[in-house]
Amino acid sequence: MVFMGFQGRKAQTSGTGAAVLVAIIAALIVLYILFLPPESREELLEGKPQYGQGPSGAGQPLLLATPGRLDYLPQKEIEHTVPPITLFSTTNTVVLKSVSTLYVKNAWFDKVVGMVTFSISDLPNTDNVYLSFNAKTHTGRLSITLNGQEVLNNEITTLNVEPIRLSKDLLQAENTLEFKVSDVGFAFWRSNEYALENVRVTGDVTDITTREARAVFLVTATEKDNLEGAFLRFFPDCRPEEAGILDVYLNDHNVFSSVPDCGYLREIEISPTLLNQGENTIRFRTNRGAYLIDTITLKSKLKEAGYPTFYFEVPPDLFAAAQTGAANIVLSMEFPDDIELKRAELFINGHQRGLDTRERVFTLGINPFVQRGNNVIEIKPRTTMDIVNLRVTVG
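Each residue of the sequence shown is one higher than the last, beginning at 2 in the working numbering.
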């Protein structure tokens, strides 16, 4: 009897301890619920799911992406047209030096040497240089040297002297003509002399500045970034018997150097690396002849446009909440500025919506367009734009 009483008192004590423990746990649960945020408490007590809510209450994105630069390519080819270019040269006879009178004499006690200096500013393009004069007085042999090289040693017997050709091999940028007359030998009482009039040095000078011409065209950043190939076309109108070598330069890179077929359209493939973003220079040059370069075009071939595509997942419970309006799924896009116009077509699971704004942030509710499971967003730009970030959030 004593043993049974001891066992009963022990069971009673254990039951009381368990009840106290349960009461303590229940009190702690109540306190925990009281200190929960309202929206979390509502979710716990009423069973309403709050999607996209983190500890701070901010919407956690179903999708977060940084698309960056989206290029708008309205066409697969861009054609740059350059106005016609004419290449030619003109040759004119120019008086390089003119002296009205020149006197030379050689006697036993009197010697006079004549000097004439002249310059040639464009020696490579100066040809057919001649020395001409009239010999009003002429006794003895007249000797003429050009830069120390003899070009005449003869007795002049007439007033009108045939022009003397000065070899181009002897010509320099700065030149000196020296005039002397032969000595009289033992006839000390005599003198040899020449009185020259209208002494002139003439030459044919070719102006080659019009043998070269250039034009400028612009390439946008979008075109440069999407460039796949380029072709230069031009139509050379010329006379085959007069045509010289035609050189074509793109940004100082020689892309053509040959005598073209006059009257036929010429096409040259250009490496895309030769084109610059912004200003580009095309230059035509020939060494002789005349050209009319017409129908000058540079055609850029662009890469096939690819539109960025983004994916996100919608769980079944979130999809159900979106259908009833308990959750709002929002697409937002952030841009670098609120100045440039941004235009694009947005496709959410094939449903098209437009973007046309200058604002820094664009938002669109997409509840009607989402589906359970995988979802896709495609952006087709209608202007070149930069997207800092793209989000799909739940509110």
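Beta carbons are placed, not taken as given, at the ideal position from N, Cα and C, and that holds for glycine. Owing to the predicted nature of the structure, the values given are computational and were not obtained by experimental measurement.
Residue environment, VAL182, which counts as buried when at least 16 other CB atoms sit within 10 Å: buried
Nearest-angstrom beta carbon gap, ARG359 and ASP339 [assumed within contact, 8 angstroms]: 6 angstroms
Which of helix, strand or coil DSSP assigns to PRO369: helix
Member of GLY366, GLN372, LYS112 whose CA lies at the smallest distance from the CA of PHE320: GLN372
CA-to-CA distance, LEU143 to LEU172, given in whole angstroms: 21 angstroms
Beta-carbon contacts of PHE89 that lie in its chain and below 6 angstroms, excluding the five residues immediately before and after: THR211, ALA291
Selection from ILE283, TYR308, PRO316 that minimises the alpha carbon distance to ARG70: TYR308
Helix, strand or coil at LYS11 [DSSP, three-state]: Confidence at LYS11 is low in this model, with a pLDDT of 42, below 50, so its placement is unreliable and the value that follows should be read with caution. Helix, per DSSP.
Segment limits, alpha helix (DSSP H) that includes GLN278: That residue, GLN278, is in no alpha helix (DSSP H); it is neither H nor E in DSSP.
CB contact flag (HIS139, TYR195, <9 angstroms): yes
DSSP three-state assignment for ALA328, whether helix, strand or coil: coil
ASP205 vs THR127 beta-carbon contact at 9 angstroms: yes
Contacting residues, own chain, Cβ-Cβ under 6 angstroms from THR207 (five flanking each side not counted): SER90, THR92, ASN126
Beta-carbon proximity check, ILE269 vs LEU233, cutoff 9 angstroms: yes
Contact check, LYS381 vs GLU335, beta carbons under 9 angstroms: no
Integer Cβ distance of VAL377 from SER333, believed to fall under 8 angstroms: No, VAL377 and SER333 are not in contact; Cβ-Cβ is about 17 angstroms, not under 8 angstroms.
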